[in-house]
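Inspection log for the structure reproduced underneath, given as structure tokens.
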Amino acid sequence: MIDKAIVLAGGMGKRIMNITGGSPKVLLKVAGKSIIDRVMENLINVGIKDVSIITDRTAVIEDVIHHYKKYASISVVEQKEADLIGALLTAAELIDSDTLLVYGDILIKSEALRDILLSQELYRKSVMLLIPEEDVREYGAVTITEDNYVNTFIEKPGEKIEEAYAYGGIMTVNEEFAKLLIETESFEDTINNLAKERKIRAFIWSGWWVDIGYPWDLLKALHYLLSELEATKISAKAKIADTAIIEGPVIIDDEAEIDHYAIIKGPVYIGKRVYVGNHSLIRPFTSLEKGSIIHAYSEVFWSSLQEEALIGRGSFIAFSVLGSKAVIEPNVLTKVVVSEEMRGIRPIEVIKNHKERYLKLGAFISAGRRIRAGTILEPGAMV
Amino acid sequence: MCGIIGIITVPGAFNEPLGSIIKKCLKNLEYRGYDSVGFAILGDIFVVRKSKGKIDDVAFGLGFDKYDGFVGIGHTRWATHGPPVDKNAHPHTDCLGRVAVVHNGVLENYLELKEILRRKGHVFKSDTDTEVIPHLIEEFKKRGFQPYEAFKKAISVLRGAYAVVVIDLDEPNKLFFARNTSPLIIGIGENAIFLASDIPAFLEYTNKVIVLEDGELGYVTSRGILIEKLLKPGELDDELAMTEIVDYKSRIKVLDWTPEMAKKGGYPHFMLKEIHEQPGALAATIAGLKEEIDGIVDALLKSDKIIFVAAGTSYHASLLGALYMNNLAEKWSMAFISSEARWWMSNIGEEDIVIAVSQSGETIDTLVAVREAKRNGAKVLAVSNIIDSAIPRESDFVVYTKAGPEIGVAATKTFTTQVAVLLYLSLKVAERIGNKRIIEEIKNDLAKVPELASSVLSRYEARIKSLSRILKKKTNAFYLGRGFGVPIAMEGALKMKEIAYIHAEAYPAGESKHGPIALVEKDFPVVFTSIGEEEELLQSNIEEMRARGAWIITIARKGSRLFSISDEKFEMPNANEYVMPILSILPLQMLAYYTAVARGYDPDKPRNLAKTVTVI
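Protein chains in written order, with my numbering: chain A, 1341 to 1723; chain B, 9 to 624.
Have a look at this one:
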């Protein structure tokens, strides 16, 4: 079985830059763990023993992954050029046997990785993860043959292609792939060349999968990851007022404080040293990362507060992401119902009464940004 | 149903302990459905371990991987006699713990045998019927029988269904086996011989097999096989069991199934894999049909009535088959659910043909109906996916679907291939009675079906996945159609019920106003399957559902006027209406699959269901 993996963890993450404040997007937190943490855990879970992480920010990545070194040999490699092909070409030079090639911004269950490796073992061919997505424009479009080999690959499809699957950002590769990639300097040509000779198996994954590209992808990821919570876990070092109401499943980490009459409705993640003030209401699919603060009488629904973000008294924040150290002054409201399709924004679909679909999206507040008291934020606002 | 495995080998034949091999083989039998597992291994020591629970959950506690040896048996139990508790799990042993038995099937006379043995001082530890077998062997050994003779004698007094594999410490280099009604297959490997309920159990190690027949018993050693046939049932006396040796050499078959065919092949579930395999399975089946079937066509032509008997999904394929026979072959034809068929057999006679459709070829209700039909003198044609299974063996004619092994409990590719076979047969009969033009059109479209199926599958997978997010919260659904659409609606609803556990009811759309429509309220999901000409009639049915606020999902041919009054639309390619059902079922299979996944269920292992139903 393959025990080598290469993770592409570089790139500025331009589309999500206001939230990251310029630090690598793989360090964004989702329910208590960074994206790179989740990727590493998955790899170690499926028996990967040798990981190369390719990035343009070696020092920062080195800092966060060192504690995985007791499970696998890990090296951090600086990529040649900042773009994807630069990272891929750097990867190509490292490939000397069958290797699992993983985009660092993909969240998926580890079962998918395990099955990809099994499939590789079975067919002795490269295996490409494909996702049935309605709109493949963001991901790269793959068509397959009747007997499940990759047929064609379009890296940047201009339009919706109904028969196509989305490329899931994970595949197994070998020396032949590396050689072709170096020759053609094009991922698309490399895949199409291999596909022509029926050398790539299609692996269709029907479970959840998130590619973190835009800020709202974090909200999708929260939904999937928190939906998997089964039990409530409250740290003995957390301080919960006796009038607070906690409906599970909820994780409350060390030294978090839930004040009187606060209501927490799971699934919710509450990180270390988080403070939730009097009479606040924390609704499902919310993740309050380490050190974030919700002041009294605020309501938060399906949102991500990155580390040390703050929401002032009496605010309503929903379907929103707050970058690290962002500050919402008192009485700020997010408007969330998206009335018509807004350009470039894919809202979260909420299904009510088992049928009616509403499109909702809140605001995306840059790291360190301060929102003035009384502001009303329009749906999809990026500030 | 229960799954059994027996392995006899030479030391060092495998790189891992025999216990691990048994565990792997049992995992491959998981699809049969089970509640408990157990094994016995003879090596330096003799161990018997068993427990209630799933293999993955109890493997560590049982310690499969810790035990090596040269003879072993394993079992997955599906409770019939006695609740699923540790003591009822197999293997069962005699009083001395020297004989260990695994068994699949149901013994009819176990109560009286148990009583007799108990009076002779045998102590029973479980509530199962199986436990009489080790005690019988022990009893006959006490009376002076040699171990193998004691085994044969014990088998001869059993009545009912059984596949049995036995380790006897007094004959440690042999594995005894016997089969009656329940399936048992021998796999001949290089350094090991396997006995199992089904081929996928050992396919990883060998593809050379002998399918045992009813009434056969014998033993295997690490290098040889003895098969005998039981000549007559025995009594609890001291006479040796009457048997004769069977020449099995010509019955050894080499299968072209590769181990990966039986595995998931990169899909998260067997069911999704099998859904995607349909284009290939259809192509293989249609190509296979070009072989000689003239004899069958002759018999169909000469017949008076054509009666289908089948259960579950095969029954839905049969409903279509009966429609094809009526409309194309111009024969009076009707399909019956096999467990009900006996009440319709009184006027079936020599001039009639019974078509028995069964994926496994072992479905007990169908087998019973086949026997009843034969008693009345009717000719029987079997349609099955498993070569040499019971129903094909007992039939006058047989056509195999070439779908490959189907492991997901919910039938998918066997359904579409069954429909293709029945359509092809009807066409062949129709050809002989004239009406060439329409037949050519259908034949052309049938030839194109693999390609069309492939495009339907990839085109709608993503749409269906998002639709399943809404459907997963529903508790009820209607599936409606007319004509060829009715069996498809029934099959779609069955899939939704059996794997997504949503109560889905199918009936002919015209029946709505006669009652069922009373249940429809706002957002009630109603799935319409339109095949072609009945469109105009369906339109008013959709309207009446819409008027009550139902949520309408419509599957219809391209450009259908029904789409303008539906909430969700699935366009099928233009194909002849006889061929269309094969395509229309595809989105419904996927809808059930994705809804099951969205609801967090494992579509491959539905609760309370078994792949092959061998208990009446």
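Here a beta-carbon is modelled for each residue, glycine too, at the ideal position from N, C-alpha and C.
These numbers were taken from a predicted model, which means no experiment stands behind them.
Query, Result
"Buried or exposed: where does B:Gln154 fall if 16 or more other Cβ atoms within 10 Å of its Cβ makes it buried?", "exposed"
"For A:Trp1545, which residues in chain B fall below 8 Å Cβ to Cβ?", "Pro276"
"For B:Met269, which residues of its own chain have a beta-carbon under 7 Å away from its beta-carbon, when the five flanking residues on both sides are left out?", "With a pLDDT of only 49 at B:Met269, under 50, the local geometry of the prediction cannot be trusted, and the value read off the model is given with reservation. Same-chain partners within the cutoff: Gly412, Pro413."
"Helix, strand or coil, according to DSSP, for B:Met269 in the structure here?", "Any reading at B:Met269 is ruled out, since the residue's pLDDT is 49, under 50, leaving its predicted position unreliable."
"Looking at the structure shown, is B:Phe159 part of a helix, part of a strand, or coil, going by DSSP?", "helix"
"Residues in the stretch 597 to 610 of chain B with C-beta within 8 Å of chain A's C-beta atoms, listed in sequence order?", "Tyr601, Tyr602, Val605"
"Please classify A:Asn1382 as buried or exposed, where buried requires at least 16 other C-beta atoms within 10 Å of its C-beta.", "buried"
"Closest Cβ-Cβ distance between B:Arg554 and chain A: below 8 Å?", "no"
"List, in order along the chain, the chain A residues whose C-beta lies closer than 7 Å to that of B:Ala470?", "Pro1472, Glu1473, Glu1474"
"Within 8 Å of any Cβ in chain A, is that where the Cβ of B:His284 sits?", "yes"
"Where do the ends of the beta strand (DSSP E) carrying B:Tyr227 lie?", "224 to 228"
"Starting from B:Gly46 and walking both ways along the beta strand (DSSP E), at which residues does that stretch end?", "44 to 50"
"Below 8 Å CB to CB, which residues in the same chain sit around B:Gly518 once its five sequence neighbours on both sides are set aside?", "Arg490, Leu545, Asn549"
"For B:Glu38, does the three-state DSSP call read helix, strand or coil?", "helix"
"The stretch 451 to 462 of chain B: which residues have C-beta closer than 9 Å to a C-beta of chain A, in chain order?", "Pro458, Glu459, Ala461, Ser462"
"Looking at chain B, which residues of the stretch 1481 to 1508 of chain A have a Cβ within less than 9 Å of any of its Cβ atoms?", "Thr1483, Ile1484, Thr1485, Glu1486, Asp1487, Asn1488, Glu1502, Glu1503, Ala1504, Tyr1505, Ala1506"
"Can you tell me whether A:Arg1697 is helix, strand or coil according to DSSP?", "strand"
"Counting only beta-carbon atoms, is B:Met269 nearer than 8 Å to chain A?", "Below a pLDDT of 50, predicted positions are generally treated as unreliable, and B:Met269, at 49, falls in that range; the measurement from the model is reported next regardless. So no, B:Met269 is outside the interface."
"Count Cβ pairs between the stretch 272 to 289 of chain B and the stretch 332 to 339 of chain B that sit closer than 8 Å; are there 3 or more?", "no"
"Would you decide whether B:Trp351 is buried or exposed? Buried here means 16 or more other CB atoms lie within 10 Å of its CB.", "exposed"
"Please confirm whether B:Leu211 has its beta-carbon closer than 8 Å to some beta-carbon of chain A.", "no"
"Counting Cβ pairs closer than 8 Å, one from the stretch 217 to 227 of chain B and one from the stretch 137 to 150 of chain B, do we hit at least three?", "no"
"Here's a check: name, in chain order, each residue in its chain whose Cβ is nearer than 6 Å to the Cβ of B:Ala377, leaving out the five neighbours to either side.", "Val317, Ser346, Ala349"
"Less than 7 Å between the CB of B:Met250 and some heavy atom of the ligand MN, yes or no?", "No copy of the ligand MN appears in this structure; indeed no ligand is present at all."
"Give every residue of the same chain whose Cβ lies closer than 8 Å to the Cβ of A:Asn1618, excluding the five residues on either side of it in the sequence, and list them in chain order.", "Asp1599, His1600, Tyr1601, Ala1602, Ala1636, Tyr1637"
"Classify B:Gly27 as helix, strand or coil using the three-state DSSP reduction.", "helix"
"Report the residue from A:Val1667, A:Ala1703, A:Leu1457, A:Gly1663 whose alpha carbon sits nearest the alpha carbon of A:Val1678.", "A:Ala1703"
"So with CB distances below 9 Å, who are the chain B contacts of A:Asp1593?", "Correct list: empty, because the minimum Cβ distance to chain B is about 26 Å."
"Comparing the C-beta of B:Pro595 with each C-beta of chain A, is any distance below 8 Å?", "no"
"Can you tell which of B:Ile15, B:Glu370, B:Lys60, B:Gly69 has its C-alpha closest to the C-alpha of B:Gly80?", "B:Ile15"
"Of all the options B:Ile63, B:His98, B:Ile49, which has the alpha carbon lying nearest to the alpha carbon of B:Lys74?", "B:Ile49"
"Does any CB atom of chain A fall closer than 8 Å to the CB of B:Gly288?", "yes"
"Leaving out the 5 sequence neighbours to the left and right, which residues in its chain are closer than 7 Å to A:Glu1570 when beta-carbon positions are compared?", "Pro1589"
"To which residues of the same chain is A:Ile1633 closer than 6 Å at the C-beta, ignoring the five residues directly before and after it?", "Tyr1615, Leu1650"
"A:Asp1455 CB to nearest chain B CB: under 8 Å?", "yes"
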